[in-house]
Amino acid sequence: MAPLHIHVTLWTLLIISFVVSLILHRAGKAKGQKILHMVARLLYLLVLVSGLHMLAAWYHFQGAALIKGIAGVLVLVGMEMVLVRTEKRKRTGVAWGVLVIALILVFYYGYVVLG
13 MAPLHIHVTL WTLLIISFVV SLILHRAGKA KGQKILHMVA RLLYLLVLVS GLHMLAAWYH
73 FQGAALIKGI AGVLVLVGME MVLVRTEKRK RTGVAWGVLV IALILVFYYG YVVLG
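Position 114 (the sequence shown) corresponds to 126 in my numbering; numbering is contiguous.
Here is the structure:
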């Protein structure tokens, strides 16, 4: 499987675990939510490794690809902030803002700039 396919598959699994973790929290299923949060953390690491591999192998850490990589890390940070603050029953507005803005940047750099 090509590195890009692995990276996209990992992102898909991460997004699914993120959404299901939020759903389980709202349903009051703390144990299931905690398990999926741990799965999400494992997927963060795998996404980082696969992203760094592509950044080094394909783009040699250059310009727009590096900015996209930084935005991708901000997406991971936003996801973790949302999950942790939701668990602690704290306000999540800023975390959602970071997540949405970083996600927009990732898609913009991925499809428009790097095409």
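A virtual CB, placed ideally from N, CA and C, is assigned to each residue, including glycine.
Below 8 Å, too few C-beta pairs join the region 64-72 and the region 22-39 to call them touching: fewer than three.
In this structure, the straight-line span from the alpha carbon of Leu117 to that of Gly127 is close to 13 Å.
Runs of the beta strand (DSSP E) spanning 3 or more residues and lying entirely within the region 34-72 do not occur at all. A direct Cα-Cα distance of roughly 9 Å separates Val59 from Thr21.
When the Cα atoms are used, Lys102 and Ala76 turn out to be separated by approximately 35 Å.
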